[in-house]
Amino acid sequence: MAENIENNGCSQRDNAEHEGYVKASRSFNRIWKERDSAQPRLLEAILYKDNFNRAYKRVKANRGAPGIDGMTIEEALPYLKEHQQELTDRIYRGKYTPSPVRRVEIPKPDGGVRKLGIPTVIDRTLQQAITQQLVPIYEPLFAEGSYGYRPNRSAKDAILKVKEYAEQGYTFAEVLDLSKYFDTLNHEILINLLRKNVKDERVVQLIKRYLKSGVMENGVVIDTEEGSPQGGNLSPLLANVYLNEFDQEFLKRGVPCIRYADDIVLLAKSRRASERLLESSTKYLEERLKLTVNREKSRTVSVFAIRNFKFLGFALGRNGKGIYVRVHPKSWKKVKSRLKELSSRKRCQSIKPNLEKIKVYARGWLNYYGIASMKNNIDDINGWLYHRIRMCIWKQWKKPRTKVRNLIKMGVPEDLAMQAGNTRHGHWFATHTVAVNMAMTKERLINSGFYDLATAYQSVHVNY
1 MAENIENNGC SQRDNAEHEG YVKASRSFNR IWKERDSAQP RLLEAILYKD NFNRAYKRVK
61 ANRGAPGIDG MTIEEALPYL KEHQQELTDR IYRGKYTPSP VRRVEIPKPD GGVRKLGIPT
121 VIDRTLQQAI TQQLVPIYEP LFAEGSYGYR PNRSAKDAIL KVKEYAEQGY TFAEVLDLSK
181 YFDTLNHEIL INLLRKNVKD ERVVQLIKRY LKSGVMENGV VIDTEEGSPQ GGNLSPLLAN
241 VYLNEFDQEF LKRGVPCIRY ADDIVLLAKS RRASERLLES STKYLEERLK LTVNREKSRT
301 VSVFAIRNFK FLGFALGRNG KGIYVRVHPK SWKKVKSRLK ELSSRKRCQS IKPNLEKIKV
361 YARGWLNYYG IASMKNNIDD INGWLYHRIR MCIWKQWKKP RTKVRNLIKM GVPEDLAMQA
421 GNTRHGHWFA THTVAVNMAM TKERLINSGF YDLATAYQSV HVNY
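The structure is reproduced here in structure tokens:
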């Protein structure tokens, strides 16, 4: 395996004649020969032992699958201990070649697929080391309205900013949809943008090598002439560097721009102004940044149009008390579908593991959406979920005599227990009977590990 890493996938590519890679290689070698000794030593900071070790710990914490070499995160540590000096020497000499990324396709809710590119653990660690040194350079340069992949910023901050602007009268939104954003970043534009603030050309050339490293799909290495595959530790930062040009342009124009990665909302006080923004922003993205705007999905809408305005899973509403954040209907549909799957009768062989899975999922969901006003919706879904869990337990008891015996043990009068236990109605009907509700109270279910969504929501939402 060490030999596989040292070769860095070179044996898997016959691309010495590939023009793009050859150009990158020649440029890289020239930089090494001609670099000025007085040039800023960013590469040294990236490869500094403490920075590299911190990068590995971050990669390890994120887990993740192996790249094309099959090396796991656990296997990478002893390899790095033995070969780190050799690895850094090769990088300094300009002899390091990143391995192609492994293509993985993830299903999207709309039926399409999201293509990820999984680098090797060694490359993920090096990319993370680069990112750690570039973030302090770029953070002060990014626009205030940029929220994705940035320290101490979140999707919740982004939707709250939209709400803040709506309260100031910016109630029309231009929602921009970029087609395959990560896969279509123009390499030439990106490299030139990097050179504005990354003064160590060796680092720029190393990043260029990552961009040109290729993708392995079905055992074949495909050249990457554009894009920065999602899945690499460096890609989120590069994506922000690229679209920062757009952020700054519309900031200069005085247009409220809220962006989370490639989810973009431009705000205006009238529909007509928003329609003009749709035209000018599309022109800028396509002509200046060489990106593709999905015109079918990009549109001008009122921020209160619950069916049409959706940003990061949220929507906005208004009532007599003012404007509030709410969960978009599609997000409600998704969470209910997932909870239904986790509490299905097919999964009811053992209820304890199911309750733990529901708890983990529901807690994560509330941590994200807890900012929204949704007390009535949460109460409804919470009651529905209680019945789902009762249904699972009821199914576990199987035979009528077992059901009757257990109901009586739990304090249900014998006549009610007999009536419920011997019913010919289905499991869902049984969970609504007096006997089952007397036996499986909320308190009992919570003590058994049930995660009460209503109670959890109250504690989360109060913080906002």
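Taking the UniProt record's numbering, the leading residue of the sequence shown gets 1, the next gets one more, and so forth.
Backbone N, C-alpha and C fix where the C-beta goes; we use that ideal spot for every residue, glycine too.
With 16 or more other Cβ atoms inside 10 Å of its own Cβ, Val-255 counts as buried.
Pairwise C-beta distances place the stretch 379-387 in contact with the stretch 328-345, as three or more of them are shorter than 8 Å. Runs of the beta strand (DSSP E) lying entirely within the stretch 30-114 and spanning at least 3 residues, in chain order: 101-107.
Cα atoms of Gly-94 and Thr-120: separation of roughly 19 Å, rounded to the nearest angstrom. Assignment of beta-bridge partners to Ser-302 by DSSP yields Phe-172. Three or more beta-carbon pairs drawn from the stretch 195-204 and the stretch 135-143 are found closer than 8 Å, and the two stretches are therefore classed as touching. Assignment of Arg-318 by DSSP, reduced to helix, strand and coil, places it in the strand class.
Taking a cut-off of 8 Å for Cβ pairs, the stretch 150-165 and the stretch 222-232 do not touch, as fewer than three such pairs fall below it. When secondary structure is reduced to three states using DSSP, Arg-276 falls in the helix class. Short of 6 Å from the beta carbon of Ile-73, and not among the five residues preceding or following it, lie these beta carbons of its own chain, in chain order: Lys-60, Val-121. If you look at Glu-164, you'll find it in the alpha helix (DSSP H) that goes 155-167.
Assignment of Arg-326 by DSSP, reduced to helix, strand and coil, places it in the strand class. In this structure, DSSP gives Arg-253 a state outside helix and strand, which the three-state scheme calls coil. Gly-364 and Arg-288 have their C-alpha atoms roughly 39 Å apart. DSSP places Asp-123 in the uninterrupted alpha helix (DSSP H) bounded by 121-138. Contact check for Lys-290 and Ile-191: beta-carbon distance about 13 Å, past the 8 Å limit, so the pair fails to qualify. Counting along the chain, Ala-372 sits inside no alpha helix (DSSP H), nor does DSSP assign it H or E at all. Between the alpha carbons of Asn-152 and Ala-158 lies a distance of about 12 Å. Looking at the DSSP output, Glu-226 bridges to Asn-186. Note: Ala-268 is bridge-paired with Phe-172 in the DSSP secondary-structure output. At a Cβ-Cβ threshold of 7 Å, Tyr-210 and Pro-98 count as neighbours. As a beta-bridge residue in DSSP terms, Leu-178 pairs with Val-293. By a beta-carbon distance limit of 8 Å, Asn-240 contacts Tyr-149. Their separation comes to about 6 Å. Closest by C-alpha distance to Leu-234, out of Arg-202, Thr-431, Phe-182, is Phe-182. Rounded to the nearest angstrom, the Cβ distance from Glu-174 to Thr-300 is 5 Å, consistent with a contact under 8 Å. Excluding sequence positions up to five before and after Thr-282, its CB lies within less than 6 Å of the CB of Val-293, all in the same chain and listed in chain order.
The alpha-carbon separation between Lys-212 and Leu-206 amounts to approximately 10 Å. Take Glu-217, set aside five residues on each side of it, and the residues of its chain with a beta-carbon closer than 7 Å to its own are Arg-103, in chain order. Gln-128 and Gly-70 have their C-alpha atoms roughly 19 Å apart. Burial is judged here by how many other beta carbons sit within 10 angstroms of a residue's own beta carbon; Val-360 has fewer than 16 and is exposed. Residue burial is scored here from C-beta neighbours: Pro-229 has at least 16 other C-beta atoms within 10 angstroms and is therefore classed as buried. Proximity of the stretch 416-428 to the stretch 397-404 meets the contact definition, three or more beta-carbon pairs being nearer than 8 Å.
Shown here, Leu-116 sits in a strand according to DSSP, grouped into three states.
In the DSSP assignment, Ser-146 forms a beta bridge with Arg-259. Straight through space, the alpha carbons of Arg-272 and Glu-356 are spaced by roughly 50 Å. By a beta-carbon distance limit of 8 Å, Leu-243 contacts Arg-259. Their separation comes to about 6 Å.
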